[in-house]
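For reference, the structure discussed in these notes is given below.
Protein chains in written order, with the working numbering: chain A, 265 to 392; chain B, 265 to 392.
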């Protein structure tokens with residue numbers, strides 16, 4: 265059990281607590297499909313837990329490999345500047361912990377294709 | 265030609281101009297697949313064009329039906345408060361224009377499933 269990896273779905277956060285609902289739904293689905301992963305949510309601002317809190321919980325539960333999936337549309341200042349700083353600080357607190365950072369949603373070709381495909385199929389055609 | 269609809273991919277925007285790259289890629293793909301739509305990008309802040317500018321261009325080109333796809337992960341204050349205000353103002357400027365607002369990415373079940381499926385397939389399994 266101490267061998268299972270952790271997955272943190274890391275989202276921006278918002279003042280409106282309902283904002284987090286889609287992320288909870290995604291986390292539940294991944295957890296249901298991947299019993300070998302401990303799945304947690306974390307947020308950059310406005311709501312908790314923070315990234316370091318979610319990771320500390322996974323470490324306390326024996327996880328030594330943590331995958332962090334930033335559920336951001338694209339890479340801007342948050343992913344380029346804030347997240348590397350947060351991860352450096354977290355690595356300092358947990359020597360030997362392996363943290364693997366996944367790409368942003370918009371940097372994953374199959375997810376860009378899924379969004380484009382949904383738009384292509386959803387937006388009504390021009391009336392004749 | 266005056267019959268074709270417009271589609272505006274509306275994203276948050278960021279100080280880093282590279283942030284917009286995934287949105288440009290999605291817009292190009294939808295435009296390639298849907299020759300009947302005029303596809304434009306617009307941004308809420310930090311970069312342009314603004315939503316009202318993109319829509320004004322489409323109206324000037326004869327579009328009378330505009331679909332707005334908010335490329336936001338989830339619905340928070342921006343989509344619940346800012347966007348309805350922007351759309352009310354835009355409707356006031358363009359009487360008779362039909363504006364159809366699509367859901368946020370995280371509110372589309374098939375896109376939540378695509379994200380969950382990508383995570384399920386991408387995060388490495390626990391070593392034996």
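Positions of the beta carbon are idealized from the N, C-alpha and C atoms, including for glycine.
Exercise for review: Using a cut-off of 8 Å between C-beta atoms, extract the partners of residue 287 of chain B located in chain A.
Suggested key: Below the 8 Å Cβ cutoff, chain A contributes 337, 338, 370 as neighbours of residue 287 of chain B, in chain order.
Exercise for review: With 8 Å as the threshold, decide whether the Cβ of residue 301 of chain B is near any Cβ in chain A.
Suggested key: The C-beta of residue 301 of chain B comes closer than 8 Å to at least one C-beta of chain A.
Check your understanding: So with Cβ pairs under 8 Å, would you call residue 330 of chain B a contact of chain A?
Key -> Answer no: the Cβ-Cβ gap between residue 330 of chain B and chain A never drops below 8 Å.
Exercise for review: State the start and end residues of the unbroken alpha helix (DSSP H) segment that holds residue 329 of chain A.
Suggested key: DSSP places residue 329 of chain A outside any alpha helix (DSSP H); the residue lies instead in the beta strand (DSSP E), whose first and last residues are 329-334.
Check your understanding: Is there a Cβ from chain B that is less than 8 Å from the Cβ of residue 323 of chain A?
Key -> Residue 323 of chain A is outside the set of residues whose beta carbon lies under 8 Å from a beta carbon in chain B.
Practice item. Rank B/352, B/286, B/373, B/325 by C-alpha distance to the C-alpha of residue 338 of chain B and give the top, closest one. Key: Of the listed residues, the one whose Cα sits closest to residue 338 of chain B is B/373.
Check your understanding: Would residue 344 of chain B count as contacting chain A if we go by Cβ distances under 8 Å?
Key -> Chain A contact via Cβ: present.
Point to revise | Pick from B/366, B/330, B/353 that is closest to residue 343 of chain B, judged by C-alpha positions | key: Out of B/366, B/330, B/353, B/366 has the C-alpha closest to the C-alpha of residue 343 of chain B.
Exercise for review: Compare the C-beta of residue 317 of chain A with all C-beta atoms of chain B and state if any pair is closer than 8 Å.
Suggested key: Judged by the 8 Å Cβ criterion, residue 317 of chain A is not in contact with chain B.
Check your understanding: If we count the other Cβ atoms within 10 Å of its Cβ and call it buried at 16 or more, is residue 386 of chain A buried or exposed?
Key -> That one is exposed.
Check your understanding: residue 382 of chain A to residue 297 of chain A, Cα distance in whole Å?
Key -> One alpha carbon belongs to residue 382 of chain A, the other to residue 297 of chain A, and they sit about 23 Å apart.
Point to revise | Segment contact, 8 Å Cβ cut-off, at least three pairs: the stretch 318-329 of chain B with the stretch 269-287 of chain A | key: Counting C-beta pairs closer than 8 Å gives fewer than three between the stretch 318-329 of chain B and the stretch 269-287 of chain A, which falls short of the contact rule.
Exercise for review: Scan the stretch 272-354 of chain A and note each continuous alpha helix (DSSP H) run of 4 residues or more that stays entirely inside, going in chain order.
Suggested key: If we require 4 residues or more, the alpha helix (DSSP H) runs fully inside the stretch 272-354 of chain A come out as 285-297, 315-324.
Check your understanding: For the putative contact between residue 310 of chain A and residue 279 of chain A, defined by C-beta atoms under 8 Å, what is the C-beta separation to the nearest angstrom?
Key -> Residue 310 of chain A to residue 279 of chain A, Cβ: 5 Å. Contact.
Review point. Taking 8 Å as the CB-CB cut-off, is residue 290 of chain B touching chain A?
Key: Chain A, which has a Cβ nearer than 8 Å to the Cβ of residue 290 of chain B, makes this yes.
Check your understanding: alpha helix (DSSP H) containing residue 365 of chain A: first to last residue?
Key -> In the DSSP annotation of this structure, residue 365 of chain A is not part of any alpha helix (DSSP H); the continuous beta strand (DSSP E) holding it starts and ends at 362-365.
Exercise for review: For the alpha helix (DSSP H) containing residue 368 of chain B, list its first residue and its last residue.
Suggested key: Residue 368 of chain B -> no alpha helix (DSSP H), and no H or E assigned at all.
Exercise for review: Could you tell me whether any Cβ in chain B is nearer than 8 Å to the Cβ of residue 266 of chain A?
Suggested key: Residue confidence for residue 266 of chain A is low, a pLDDT of 44 falling below 50, so the modelled location carries little weight; the figure read from the coordinates is stated next. For residue 266 of chain A, the answer is no, since every Cβ of chain B falls outside 8 Å of its Cβ.
Exercise for review: Under the assumption that residue 334 of chain A contacts residue 274 of chain A (Cβ atoms under 8 Å), give the Cβ distance between them as a whole number of angstroms.
Suggested key: In this structure residue 334 of chain A is in contact with residue 274 of chain A, their Cβ atoms being roughly 5 Å apart against a cut-off of 8 Å.
Review point. How would you label residue 304 of chain B, buried or exposed, when you count the other beta carbons within 10 angstroms and need 16 or more for buried?
Key: Classification for residue 304 of chain B: buried.
Point to revise | Beta-carbon proximity of residue 300 of chain A to residue 340 of chain B, cut-off 8 Å | key: Their beta carbons are not under 8 Å apart, which means residue 300 of chain A does not touch residue 340 of chain B by this criterion.
Check your understanding: Less than 8 Å separating the beta-carbons of residue 363 of chain A and residue 376 of chain A?
Key -> No; because the gap between Cβ atoms is not below 8 Å, this pair is not in contact.
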